[in-house]
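Notes for the one structure printed next.
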Amino acid sequence: MDQKFLKPYNPEATETLIYKRWEDSGYFTPENLPGDRPETFSIVLPPPNVTGTLHMGSALMLAIEDIIVRYKRMQGFKTLWIPGTDSAAIATQAKVEKDIQKAEGKSRHDLGRPELLKRIEAFIETTKSTIINQMRAMGASLDWSRYAYTMDDKRYNAVMHAFIKMYESGLIYRGHRIVNWDPKGQTTISDDEIVYEERDSTLYTFKYSKDFPIAIATTRLETKVGDVAVAVHPEDERYMQYVGKEYDIVFCDVPIHIKVVADYTVEKEFGTGALGVTPAHSIVDWDIADRNDLPRPQVISELAKMTVGGRLFDKKVSEAREIVAEWLRAEGLMISEEKIKQNVSTAERTGGIVEPLPKLQWFVSVTKPYVAKDGSTTTLRDMMAKAAESGDVQFLVERFEKQYLHWAKNLRDWCISRQIWFGHRIPVWYKGDDIKVQIDSPGEGWGQDSDVLDTWFSAGLWTFTTMGWPNETEDLKKYHPTALIESGYDILPFWIARMIMMSGFHLGTVPFKTVYFHGLVRDGQGRKISKSLGNNIDPVDMAKKYGMDAVRIALIMGMAPGTDSKIDENKIRGYKNFANKIWNIARFVLENVEKTDIEAEHTLSKEDEEDIAELNRTVREMTRNLDGYRIDLAADTAYHYIWHTFADQVLERSKAVMNGTDVVAQRATAWKLYTILTASLKMLHPYMPFVTEEIWASLPKKETELLMIARWPAVVE
RNA sequence: GGGCGAUUAGCUCAGUUGGUAGAGCAAUUCUUUUACACAGAAAAGGUCACAGGUUCGAGUCCUGUAUCGCCCACCA
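Count the first sequence with our numbering and you get residues -12 to 704, in order.
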């Protein structure tokens, strides 16, 4: 017996070496796997942020996927798991800009676009090894020869190709839309970059003019010079008689034309039950204008100053508001002024008050018909719903299918342009009124669209751009659609749905057959992990203390798909004990195997046969659970069998025989112990790959040099 | 407001087509020349939120109530 078993299992000393053995073997690459393997199994890893570090959420994701991948590999599938990292465009650009501002006092406009992009790439170069090394430390059996980065050249080309294809099919178009404009930073910001601040405000109730029949309420009086309509609820008896009527009014020096329209989004109970519609400066009103075919005059500039009206012209919005209020009071049109608390949208980075403004943006139409790969005519929205309804994509947890369908069926056109610099730049060129859509510049005098694509546009292509699309590669033929996508449920609308959309359009297939959502990882008290709470548990730190095997199994044990779970140090410590338990089981078995010849003839007793039957039942149950991706239940089965049946019962009973004098019985018992040990190592290997591989290395008789390619325990006869 | 959930042992949670309630941790008692004290043995602990219903039988299916939570849209 190897002397290493005389000491407790020491993960820190072995994990790096074991990972190196796996990597050197080449078995992470499916083409190198031994045997025939006619069936493939593939997963594409949801790429972690290239500038980040591993947190418990991504550790869970890696653990779940590695467990499934190792299981399938042992079952004899040609198994591929593609690694990658994501540029996290908005967050990364913001971080680099902030650093430069701090260190050099310069804004991105001072640097210019090429220089800023250079700085970002340099920053990413310095950070990317961290996350990649942490993925290795997790034991993830990823095929590094296929590593992809969302912003590398291959992916860039593929994304451009996808845009052009969709443009040529008529699904991508340009149109106006209200964006969150930060007048202070002179930029558009995303919804995530908005901070809501509660401020004192005044709700003004007034009439446009003495002759206008309906009073309306607003906090933003200055925008009322951009009003084109008053919307009321269609069933509001107070106002029904006015619907369809039109009025010409001079409002605070500005001539406006107001039509009364009916719209279901108006709430009868709020304010006066009538809403002044300002299409150009409110997202809700923009949509009402859409439905009622109304004009959308802009009255506020990008500097948050008024663009119309005698006394209002060029005034800041806050000043203009007071001027309009004064005018209303003087004219006797003001009905009431009520102090209220209001949530004001401000830009996270500059603190500027967000001004909704209409801007030209690129969109993907989800309702325009196109000719699909199979020749039928459909729309993106219909195709997406069908993918789930037909069962081509299956959701492991049923309620997510409900959510997905609800979301897909209500999907609206998708705005894909973003006003930042770091990202996949839109391949559209302008020269005067001419437009060309192509990757490279058409020549002298052509300027490229300054916007970049929404990060989810390229992310939606991820399952097939990682396999070499738009080229018709062997990988695409063999491994796409992938078997499984696995991620947190919070990105269902952003990513999962977009992958189904993109794969359906570009390839005519679903991107994956099964959707496995894991829940959020929370701390021991059930709180979200957050920087401000300081309750982050670093998986790599935990692995140093207790071993990565313990971290992995602690993460997935009791983690039902789609349900949030909690992790704390105690739980991890508990599974470190389990790693040591299997270590000592191995020590005992190997000691006893040396006493006899397990290759010799043996006859099993009735008790031995029952023990083997119990092992077989366990293997069958585990296999059934694993095939249904219930890796949490399968882990539970293995844990209890190994600890409380194998160790506590089979092994304890064997002591009498092994210390006795019946040599024939000893042969059978030793054979039985060894058989159950090897089966147990295999069962546990997907979950605890390091300690099991380390024990495997010391086995005197084994089918393969490395446990990672041993065959999943067939039932022992 | 729209959508989706949760409520099971002191704590954290499993319980896959309905068939005698499960685990981990914590707490209790006992046991160390024993593979492992990072251990073993034993015992304890639950009207499965509440009220109805379907059924031979309900933690599981249906209806309602209460409490808690998540996502989306947000109040002009």
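Backbone N, C-alpha and C define an ideal beta-carbon position, used for all residues, glycine too.
- Query: Hey, Lys669 and Ala701: beta-carbon distance below 7 Å or not?
  - Reply: The residue you call residue 669 lines up with position 682 of the first sequence. The residue you call residue 701 lines up with position 714 of the first sequence. No, the Cβ-Cβ distance between Lys669 and Ala701 is not below 7 Å.
- Query: Near Asp623, which residues of its chain fall below 8 Å by C-beta distance, leaving aside the five closest residues on each side in sequence?
  - Reply: The residue given as residue 623 occupies position 636 in the first sequence. Within its own chain, the residues whose Cβ lies closer than 8 Å to the Cβ of Asp623, once the five positions on either side in sequence are excluded, are Met544 and Gly545, listed in chain order.
- Task: Can you give me the start and stop residues for the beta strand (DSSP E) that Phe499 sits inside?
- Result: Taking the first residue of the first sequence as 1, we reach residue 499 at position 512. Its beta strand (DSSP E) spans residues Phe499 to His505.
- Item | Exposure of Lys563, with buried meaning 16 or more beta-carbon neighbours within 10 Å | As a position in the first sequence, residue 563 is number 576, starting the count at 1. Taking all protein chains in view, the Cβ of Lys563 is crowded by 16 or more other Cβ atoms within 10 Å, so the residue is classified as buried.
- Going straight from the alpha carbon of Val606 to that of Asn330, what length do you get? Here residue 606 corresponds to residue number 619 of the first sequence, with the count starting at 1. Here residue 330 corresponds to residue number 343 of the first sequence, with the count starting at 1. Between Val606 and Asn330, the C-alpha separation is close to 57 Å.
- Item | Residues near Ala541 by beta carbon distance below 6 Å, same chain, minus five either side | Here residue 541 is taken as the residue at index 554 of the first sequence, counted from 1. Excluding residues within five positions, the ones whose Cβ falls inside 6 Å are Lys558, Ile559 and Tyr562.
- Message: For a test of the three-state rule: what should DSSP assign to Ile30, helix, strand or coil?
- Response: In the first sequence, the residue the question calls residue 30 occupies position 43. Three-state result, Ile30: strand.
- Query: Hey, how far is the Cα of Asn458 from the Cα of Arg142?
  - Reply: Reading the first sequence from its first residue, position 471 is the one you call residue 458. Reading the first sequence from its first residue, position 155 is the one you call residue 142. Each residue's Cα considered, the two are about 12 Å apart.
- Task: Kindly confirm or deny that the segment 481 to 499 and the segment 446 to 458 touch, where touching means at least three C-beta pairs closer than 8 Å.
- Result: Touching, yes, given that three or more Cβ pairs across the two stretches are closer than 8 Å.
- For Ile554, three-class secondary structure by DSSP: Taking the first residue of the first sequence as 1, we reach residue 554 at position 567. In the three-state reduction of the DSSP assignment, Ile554 falls in the coil class, being assigned neither a helical nor a strand state.
- Own chain partners of Lys568 with C-beta closer than 8 Å, once the 5 adjacent residues on each side are dropped: If you number the first sequence from 1, residue 568 lands on position 581. Excluding positions up to five away in sequence, the list reads Ile629, Trp630 and Ala634.
- Taking only the alpha-carbon atoms, compute the straight-line gap between Ala50 and Gly44 and give it to the nearest angstrom. Here residue 50 is taken as the residue at index 63 of the first sequence, counted from 1. Here residue 44 is taken as the residue at index 57 of the first sequence, counted from 1. Between Ala50 and Gly44, the C-alpha separation is close to 10 Å.
- So who's on the other strand from Ile629, going by DSSP bridges? Start at 1 with the first residue of the first sequence, and residue 629 comes out as number 642. In the DSSP output, where bridge partners are listed per residue, Ile629 has none listed.
- Express the C-alpha separation of Arg640 and Ala573 in angstroms, rounding to a whole number. Stepping through the first sequence from its first residue, residue 573 is reached at position 586. Stepping through the first sequence from its first residue, residue 640 is reached at position 653. Approximately 16 Å, taken between the alpha carbons.
- Starting from Gln329, trace the beta strand (DSSP E) both ways and give me its first and last residue. Residue numbering aside, residue 329 sits at position 342 when the first sequence is read from its first letter. Segment Met321 to Ala334, the beta strand (DSSP E) holding Gln329.
- Item | Collapsed DSSP secondary structure at Thr453 in the structure displayed | Numbered from its first residue, the first sequence carries residue 453 at position 466. DSSP places Thr453 in coil when its eight states are reduced to three.
- List the endpoints of the continuous beta strand (DSSP E) containing Ala249. For this step, residue 249 is matched to residue 262 along the first sequence. Note, Ala249: beta strand (DSSP E), Val241 to Ala249.
- Specify, as a first and last residue, the run of the beta strand (DSSP E) that Asp169 falls within. For the purposes of this step, residue 169 is taken as residue 182 along the first sequence, with counting starting at 1. That run of the beta strand (DSSP E) goes Ile159 to Asp169.
- Item | Residue closest to Ile118, alpha-carbon to alpha-carbon, out of Pro70, Asp421 and Gln636 | For the purposes of this step, residue 118 is taken as the residue at position 131 of the first sequence. Of the candidates Pro70, Asp421 and Gln636, Pro70 places its Cα closest to the Cα of Ile118.
- Verify whether the separation of the beta carbon atoms of Glu250 and Ile270 is less than 7 Å. On the first sequence, residue 250 is found 263 positions in, with the first residue counted as 1. On the first sequence, residue 270 is found 283 positions in, with the first residue counted as 1. The sequence shown places Asp at residue 250, not Glu. Their beta carbons are not under 7 Å apart, which means Asp250 does not touch Ile270 by this criterion.
- Query: Quick one: what's got a C-beta closer than 7 Å to Leu103's C-beta in the same chain, skipping five residues either side?
  - Reply: For the purposes of this step, residue 103 is taken as the residue at position 116 of the first sequence. The residues are Arg95 and Trp408.
- Item | Identified DSSP bridge partners for Leu67 | If you number the first sequence from 1, residue 67 lands on position 80. Answer is Ser29.
- Query: Excluding sequence positions up to five away, which residues of its chain have a Cβ less than 6 Å from the Cβ of Glu388?
  - Reply: Here residue 388 corresponds to residue number 401 of the first sequence, with the count starting at 1. Ala375 and Phe382, listed in sequence order.
- Message: For Gly258 and Asp198, what's the separation of their Cα atoms in angstroms?
- Response: Here residue 258 corresponds to residue number 271 of the first sequence, with the count starting at 1. Here residue 198 corresponds to residue number 211 of the first sequence, with the count starting at 1. For Gly258 and Asp198, the distance between alpha carbons rounds to 20 Å.
- 3 or more residues per run - each beta strand (DSSP E) lying fully within the segment 2 to 51: With a minimum length of 3 residues, the continuous beta strand (DSSP E) runs that stay inside the segment 2 to 51 are 27 to 31.
- 4 or more residues per run - each alpha helix (DSSP H) lying fully within the segment 219 to 296: Runs found: 270 to 279.
- Compute the Euclidean distance between the alpha carbons of Ala547 and Arg617, then round it to the nearest angstrom. Here residue 547 refers to the residue found at position 560 when the first sequence is read from its first residue. Here residue 617 refers to the residue found at position 630 when the first sequence is read from its first residue. About 7 Å.
- Using the DSSP secondary-structure output, state which residues sit across from Ala474 in a beta bridge. As a working mapping, residue 474 is identified with position 487 in the first sequence. The residue you asked about is not Ala; residue 474 is Ser in the sequence shown. Partner(s): Phe504.
- Give the DSSP-derived three-state secondary structure of Val380 in the structure shown. The count along the first sequence starts at 1 and reaches residue 380 at position 393. DSSP places Val380 in the coil class of the three-state scheme, outside both helix and strand.
- Task: Closer than 6 Å by C-beta to Lys302: which residues in its own chain qualify, once you throw out the five before and the five after it? Chain order, please.
- Result: For this step, residue 302 is matched to residue 315 along the first sequence. Excluding sequence positions up to five before and after Lys302, its CB lies within less than 6 Å of the CB of Met293, all in the same chain and listed in chain order.
- May I ask you to report which of helix, strand or coil DSSP gives Tyr562? What you label residue 562 is simply residue 575 of the first sequence in a count that begins at 1. The three-state reading of DSSP puts Tyr562 in helix, counting H, G and I together.
- In chain order, which continuous runs of the beta strand (DSSP E) of length 3 or greater are located wholly inside the segment 342 to 375? The segment 342 to 375 contains these whole beta strand (DSSP E) runs: 342 to 351.
- Message: Can you tell me where the alpha helix (DSSP H) holding Trp314 begins and where it ends?
- Response: If you number the first sequence from 1, residue 314 lands on position 327. DSSP places Trp314 in the uninterrupted alpha helix (DSSP H) bounded by Val304 to Glu318.
- Just curious, the beta strand (DSSP E) that Thr114 is in, first and last residue? Numbered from 1 along the first sequence, position 127 holds the residue referred to as residue 114. Where Thr114 is concerned, there is no enclosing beta strand (DSSP E), although the alpha helix (DSSP H) around it starts and stops at Arg100 to Ala124.
- Task: Kindly indicate which three-state DSSP category Lys418 falls into: helix, strand or coil?
- Result: What you label residue 418 is simply residue 431 of the first sequence in a count that begins at 1. Residue state, collapsed to three classes: strand.
- Just reading off the alpha helix (DSSP H) that Ala530 is part of, what are its end residues? If you number the first sequence from 1, residue 530 lands on position 543. In the DSSP annotation of this structure, the continuous segment of the alpha helix (DSSP H) that includes Ala530 starts and ends at Pro526 to Tyr533.
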